[in-house]
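Chemist:
Chains as they are written, first to last, in this note's numbering: chain A, 3 to 398; chain B, 3 to 398; chain C, 3 to 398; chain D, 3 to 398.
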């Protein structure tokens, strides 16, 4: 039974839950980032003489203490808090009194959420990169172990040309290197400081120093004009999900190859016992569930990307609460990518090709023979092609 | 911080978690359904003399007790259980001894999962229908309260023809009536009994009575042949998500209308305070967050549908573990639909049109005038159209 | 070079082309349906005494003549016509004079488009059904030819249980039977008469008889209230595309199976030469391109469905021109489904399983052995399972 | 009627059509690029002494002549040609004899298609950039004309803060500047030379100089290893479609704003007659169809991206014919983006804000008043917020 099919709750309570959504459970990962952004904001206010130095120190110390206590598990974001931002501000005010109420000057929830989210995204892109790089290493190690094992090269799922475990691994390793480069490029849209745009129209009459928070937080630039900030909502998110979708799709294709090689008919690879599972009905089987779940992860990632893109589609400009629904697919996509890469790197490190089982069709060398005819006899390739084809005629 | 970015866990433990996925937290809603299906299976085995009557009674009593204890919160599905099926079977065996090990005869996890899931889906379709019907009632009540308030009818977001709150509500009510009919039709793919197909190829040498479980569980038919069962995986799920997507999209369009009517420029409607929220920076505002979140829900639903469809795409036939990833978008889509409809029904019941603010453009009657010219003067409509157009020329 | 990268066109001409879109090339298939709907409308107007009997006859005769001339290739819808509706009305007026201008009384482009489209959809659903049924027949013929050939049954792409060509074909045949039933059910949303809803708000002051056109055109019901019509735009379309997506996905999975069986490593099937293609570089190869293109078709169908659903998402109620973009994915999806089924039915009729190549793993009978142990020795299934598993231990 | 519902064609002919697909009509835009890549390949072969200098000259001259004749409309790619590559090679061989058959040495259709496609993509990205930049200029011109017109700034579609036409235009202009930067970054995945990878496994025994074609064609790098090439299929395409989706979505949001401002209730903008259209039933209306079609274009673009991504999902590595289906959504997405931007730039240049109609709610200055209270009285922002809120209490 779903929590909300229970219609026992009073209706206005259900409205509250609906509005808060899953933020209280999702926002845990933003605590540190919101604290960092709030400290930078407070210090900027103090430097602009919009905040008393003593209040600033109390605010920053209070936030740091809350961060430590959060990491120690001393508090959690509750449904009643709605989200990480309210959770922090209300606990801060409890702790340091009225000075806590001075922190929100020149800031709106709109730019605050984005600042924390973008700082998080920068870390998430790095974490994903590290996991992808782990996969590259696993492939390099496989190449070192078994690179010289001959393997058919396939086109149309048909044996086509001679290949090798080295070429096979290196192809995927190159795909993952491309993913790492792509992830680095996706940082551009994350590294833009939204702070100071407030609700999306700046802070009339209040002299903020946006460059100061840009520098303090390590953003690459201050996003301008202020109206650009909310319009850009979703793009850094989608940009990351797009790169994760490409990377996870490659990982899924690697899984597809291994699933094929692991069939009894191919029997090209052996998988370690701890990366396969048993069957509930067929006692003899060791199933490659991990590979299937990785293949499926590509579908989930693409759905996350789609959801993210659909959320902002067609909306008028200016902040819209629709953006709240973006966190769930974003975090889901990031976590699943990292988990999938880590698990697959482990699986590949425990996989070996069984050279003795790999049958190379004689016809794999047909193209090479045609090339040899051309260079030896000087005939056009198309003629050499026909001669070699005749030799193999009737073959599949 | 995501749970799995913490790389502290040993790798084989992470493989286990990856394979189990979220099942232990998602499967709670399947406990009752798995129990019902297991009881039907056990009783069929007993009737076929494949299970001793005493063992059968012990199994059924044990399962019923486990179900009650689950509802009382006495146990939960743990990660170590992997899923609801193992959780129940292992607890049953603990409780009644070796007889528990007799239950899985003639059954595979593959048909067992599907049986529980389809029984759940039938209930979920009903629950969604009730929520949609609740919305129809809210619209009917609105029509009763304010149906005679005149409203412009829009095309291209332009005032076009005379309409009314009655016509506006009734249009949406008809859309939701269509959704209820669609949900009922989606039951066809759910009401097929997979039990007895086992892993997807039947139970050679074992005389099961598939019709018996079909009847006991209230399925409409026994799914045949056994190989059809796993091929159909995802279709009942997608069929439900498709209907929920259509319904939620209509709900989102209703929200779009209200968002428009709630702008200061239209100011056609008043929303109750308890369905709006305040702003963190602009003290004067009451924001229609619920409407925005409902509008956004249509994007989430469509993403759930797409994820579900992508998961089975291109797979070879026969069971594939990829199907496990379907539960998350399925349950997410069901819950979000029900929550959104319930909250919107409440919102609509607390919404009123402000007749005094609604401006009806004179030109709204242009088509009617043209019709009158045609009937009065007998001229062709195209000529009447030109005459009336000339009268309004220059108007937008 | 794309037609519009050529910036030579004057800008207002480009606006015109942009607005007309592809309708002039897409609408060809709607000519007959628009004529049928227009005739029904004219006859209803005459019966309501809103149209002179002589004019009515001239209109109907003129439309029928235009229809015949269109089928004979005597005219085409030009860009300047914009769409099928204008093309017909202007040619009609040219032909019969002012009476042609009397046809549009009580009708808007909005209900007119929908009427033609829905009549077309009903035929399209039938045509798709026939193609799907053709595939069922091809599978039945395969079963008749080679049903008794033994085939491993796979789970997780691993040999799992004994199966046969008969079971394999019958599984897919059942999937396609389900598709035919699904297509029939999708007619519900098509068979609703939109005529008389005009722009979406009815025809004030004009006494139309909506039931008359419902009956004349064979619609199942008159769609009410008038405001429901434009809200329902896209649902019959999406409903059809959803069923076509499911069907094409199954077809793609059948292609995936055959692609696997056609690998040299399986070598379970032979494909006829006229359904394979040669390679441009490897003279020895016969490639299964048709199967790959069919597998890919499932992705295209799902994208058509998505596009259709996204087009209406979040829109305010009332007609919006966005709906025009729906025709392209709709027609694309219908055509591709029919083509894919027809081609695959032919391919299957020219495919044979090579019994001698099919290796059945001994372990396929493990479940059966466990069942036998249970029935013979009366031990619990879980114990039998462990005994049989031990026998196969070490086996993959 | 769809071309293929006509079942008159013999079945093997239909297989041929199915396999060739739409390539013959889509490939027109690739003629120049395939010629450029072929010339580079021929010259490299000659430099490597794999092609006689005279044959090389004949090949290159022949290709250039074919290119000119194509631009002059002297020939077209026919269905029988299948695609641009065969069309060119067969016409070349007709023209220069056997030497034409020497061109395909060391090349496969697989790397040849990709080379032409990537050269095209580089131009397409530039062309799209130019159109996006045209929109930036149109916005800059609007800002110059009417930048100082006051406009409410909206959040949640509610008047929230003071804004202006300048801030509104500049926000979108920044979004489009970001799109231009994104498009430039998307070139990275296009600018990789696939030539020399042949079918995906290189050209054993043939000493090609891959760097030579990289340099001659202006690619940024040679894609390595050869197995990386086919794995990367779809990524440059998806990368471009992703950027076009973001850009078109912003354009659609600009259209959403204008659709809102163009309602009679807002009446903030006037659109020129040549960018609006009339109604078929309501003589008084000027409809903003262009804006609706632009809003809808975002849905089409996202569907193109999703189709592209789904086509490669889950495929084993190595070339698969599925890739052929990518051209249609790719070209569709590129063309629609360029058309939409060009038309919207024109529309914006013909749009003016009607300052007299724009009502600015007094409450827009509430945040500013709260800021003033803070700086004047030194009270915490939260306290100032409450004071100002009390002043506006009861206001929406």
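The C-beta atom is built at its ideal place from N, Cα and C for all residues, glycine as well.
Answer yes if the region 60-73 of chain A comes into contact with the region 301-309 of chain A, meaning at least three C-beta pairs across the two stretches below 8 Å, and no otherwise.
Modeler: Counting Cβ pairs under 8 Å, fewer than three are found: no touch.
Chemist: Does residue 242/A come within less than 7 Å of chain B when only Cβ atoms are used?
Modeler: The residue you call residue 242/A lines up with position 240 of the first chain. Judged by the 7 Å Cβ criterion, residue 242/A is not in contact with chain B.
Chemist: Should residue 344/B and residue 323/A be called a contact, given that it needs their Cβ atoms to be closer than 7 Å?
Modeler: As a first step, residue 344/B must be located in the second chain, where it is residue number 342. As a first step, residue 323/A must be located in the first chain, where it is residue number 321. Cβ distance not < 7 Å, so residue 344/B and residue 323/A don't count as in contact.
Chemist: So is residue 367/A in contact with chain C if we call contact Cβ pairs under 7 Å?
Modeler: Position 365 of the first chain holds residue 367/A. Closer than 7 Å: no.
Chemist: Using a cut-off of 9 Å between C-beta atoms, extract the partners of residue 268/C located in chain A.
Modeler: The residue given as residue 268/C occupies position 266 in the third chain. Residues of chain A passing the Cβ test: 265, 267 and 268.
Chemist: With 16 other CB atoms within 10 Å as the buried threshold, where does residue 7/D fall?
Modeler: As a working note, residue 7/D is residue 5 in the fourth chain. Below a pLDDT of 50, predicted positions are generally treated as unreliable, and residue 7/D, at 48, falls in that range; no measurement from the model is reported.
Chemist: If distances are taken between C-alpha atoms only, which option among 83/C, 29/C, 166/C and 95/C comes closest to residue 357/C?
Modeler: Here residue 357/C is taken as the residue at index 355 of the third chain, counted from 1. For residue 357/C, the nearest C-alpha among the options comes from 166/C.
Chemist: Residue 33/D and residue 86/D - do their beta-carbons sit closer together than 7 Å?
Modeler: Locating residue 86/D in the fourth chain gives position 84, counting from the first residue. Locating residue 33/D in the fourth chain gives position 31, counting from the first residue. For residue 86/D and residue 33/D, yes; Cβs fall inside 7 Å.
Chemist: Along the chain, which unbroken stretches of the alpha helix (DSSP H) at least 4 residues long are found entirely within the region 196-276 of chain C?
Modeler: The qualifying runs are 212-219, 228-233 and 237-264.
Chemist: Which partner residues of residue 124/D appear in the DSSP bridge assignment?
Modeler: Stepping through the fourth chain from its first residue, residue 124/D is reached at position 122. Paired residue(s): none; residue 124/D is not in a bridge.
Chemist: Can you list, in chain order, the residues of the region 303-336 of chain B whose Cβ is nearer than 9 Å to any Cβ on chain C?
Modeler: Here the close residues are 304, 307, 308, 311, 312, 314, 315, 316, 317, 318, 319, 320, 321, 322 and 323.
Chemist: Please tell me whether residue 13/D has its Cβ less than 7 Å away from any Cβ of chain C.
Modeler: In the fourth chain, the residue the question calls residue 13/D occupies position 11. Yes, residue 13/D lies at the interface with chain C (some Cβ there is under 7 Å from its Cβ).
Chemist: I'd like to check one pair, residue 112/D with residue 201/D: are the Cβ atoms closer than 7 Å?
Modeler: Your numbering for residue 201/D matches position 199 in the fourth chain. Your numbering for residue 112/D matches position 110 in the fourth chain. In this structure, residue 112/D lies closer than 7 Å to residue 201/D by Cβ.
Chemist: Does residue 134/C get closer than 7 Å to chain D when you measure Cβ to Cβ?
Modeler: As a first step, residue 134/C must be located in the third chain, where it is residue number 132. No, because no Cβ of chain D sits closer than 7 Å to the Cβ of residue 134/C.
Chemist: Would residue 208/B pass as an interface residue toward chain C - the criterion being a Cβ-Cβ separation below 7 Å?
Modeler: Reading the second chain from its first residue, position 206 is the one you call residue 208/B. By this cut-off, residue 208/B is an interface position.
Chemist: Over the uninterrupted beta strand (DSSP E) stretch that includes residue 279/A, give me the two end residues.
Modeler: Taking the first residue of the first chain as position 1, residue 279/A is located at position 277. Run containing residue 279/A: none; DSSP gives neither H nor E here.
Chemist: Verify the CB distance criterion: does residue 96/A have a CB-CB separation below 7 Å to chain D?
Modeler: The residue given as residue 96/A occupies position 94 in the first chain. Output row for residue 96/A: interface = no.
Chemist: Checking 7 Å against the spacing of the C-beta atoms, do residue 216/D and residue 173/A come in under that value?
Modeler: Position 214 of the fourth chain, counted from the first residue, corresponds to residue 216/D. Position 171 of the first chain, counted from the first residue, corresponds to residue 173/A. It is not a contact, given that the beta carbons lie outside the stated cut-off.
Chemist: Can you check whether the C-beta of residue 163/A is within less than 7 Å of a C-beta belonging to chain D?
Modeler: If you number the first chain from 1, residue 163/A lands on position 161. Yes, its Cβ sits closer than 7 Å to a Cβ of chain D.
Chemist: Counting contacts by CB-CB distance shorter than 7 Å, is residue 258/A in contact with chain D?
Modeler: To locate residue 258/A, count along the first chain from 1; it is residue 256. Yes, contact with chain D.
Chemist: So within the region 86-121 of chain A, which uninterrupted alpha helix (DSSP H) runs reach at least 4 residues, ignoring any that extend past its ends?
Modeler: The region 86-121 of chain A contains these whole alpha helix (DSSP H) runs: 86-98.
Chemist: Residue 20/A versus chain B: which residues are under 8 Å apart at the beta carbon?
Modeler: Translated into positions along the first chain, residue 20/A becomes position 18. Residues of chain B passing the Cβ test: 292, 295, 341, 342 and 345.
Chemist: Counting only C-beta atoms, is residue 379/C closer than 7 Å to chain A at any point?
Modeler: Within the third chain, the letter at position 377 stands for residue 379/C. Cβ-Cβ to chain A under 7 Å: no for residue 379/C.
Chemist: From this set, 388/A, 389/A and 382/A, which residue's C-alpha is nearest residue 98/D's C-alpha?
Modeler: Along the fourth chain, read from residue 1 onward, the residue named residue 98/D stands at position 96. Checked all of 388/A, 389/A and 382/A; the closest Cα to residue 98/D is 382/A.
Chemist: For my contact list, residue 366/B and residue 164/B are in at a C-beta cut-off of 8 Å; report their separation, rounded to the angstrom.
Modeler: As a position in the second chain, residue 366/B is number 364, starting the count at 1. As a position in the second chain, residue 164/B is number 162, starting the count at 1. Residue 366/B to residue 164/B, Cβ: 5 Å. Contact.
Chemist: Work out the CA separation of residue 129/D and residue 20/A for me, nearest whole Å.
Modeler: Position 18 of the first chain holds residue 20/A. Position 127 of the fourth chain holds residue 129/D. Distance between the alpha carbons of residue 20/A and residue 129/D is about 45 Å.
Chemist: Should residue 237/A and residue 248/D be called a contact, given that it needs their Cβ atoms to be closer than 7 Å?
Modeler: Translated into the one-based positions of the first chain, residue 237/A becomes position 235. Translated into the one-based positions of the fourth chain, residue 248/D becomes position 246. Contact flag set, yes.
Chemist: For chain C, find out if any of its Cβ atoms is closer than 7 Å to the Cβ of residue 390/A; answer yes or no.
Modeler: Along the first chain, read from residue 1 onward, the residue named residue 390/A stands at position 388. Chain C, which has a Cβ nearer than 7 Å to the Cβ of residue 390/A, makes this yes.
Chemist: I'd like to know whether the C-beta atoms of residue 36/C and residue 104/C end up nearer to each other than 7 Å.
Modeler: On the third chain, position 34 is the one that residue 36/C refers to. On the third chain, position 102 is the one that residue 104/C refers to. Result no, Cβ atoms of residue 36/C and residue 104/C do not sit closer than 7 Å.
Chemist: Which residues bound the alpha helix (DSSP H) around residue 373/B?
Modeler: For this step, residue 373/B is matched to residue 371 along the second chain. Run containing residue 373/B: 368-379, per the alpha helix (DSSP H) assignment.
Chemist: Mind listing which residues of the region 43-66 of chain D have their C-beta closer than 9 Å to chain B's C-betas, in chain order?
Modeler: Residues passing the 9 Å Cβ filter: none.
Chemist: What are the uninterrupted segments assigned as alpha helix (DSSP H) that are 4 or more residues long and contained completely in the region 306-341 of chain C, given in chain order?
Modeler: List check, alpha helix (DSSP H) in window: nothing returned.
Chemist: Taking Cβ positions only, does residue 103/C come closer than 7 Å to chain B?
Modeler: Working through the third chain from its first residue, we reach residue 103/C at position 101. Chain B contact via Cβ: present.
Chemist: Closest by CA to residue 321/A, which one among 331/A, 287/A, 199/A and 268/A?
Modeler: Taking the first chain and counting its residues from 1, one reaches residue 321/A at position 319. When each option's Cα is compared against that of residue 321/A, the closest is 199/A.
Chemist: Cβ of residue 147/C within 7 Å of Cβ of residue 319/B?
Modeler: For the purposes of this step, residue 147/C is taken as residue 145 along the third chain, with counting starting at 1. For the purposes of this step, residue 319/B is taken as residue 317 along the second chain, with counting starting at 1. Taking 7 Å as the Cβ cut-off, residue 147/C and residue 319/B do not qualify as a contacting pair.
Chemist: Any contact of the region 259-268 of chain D with the region 203-220 of chain A, i.e. 3+ C-beta pairs under 8 Å?
Modeler: No, the region 259-268 of chain D does not touch the region 203-220 of chain A.
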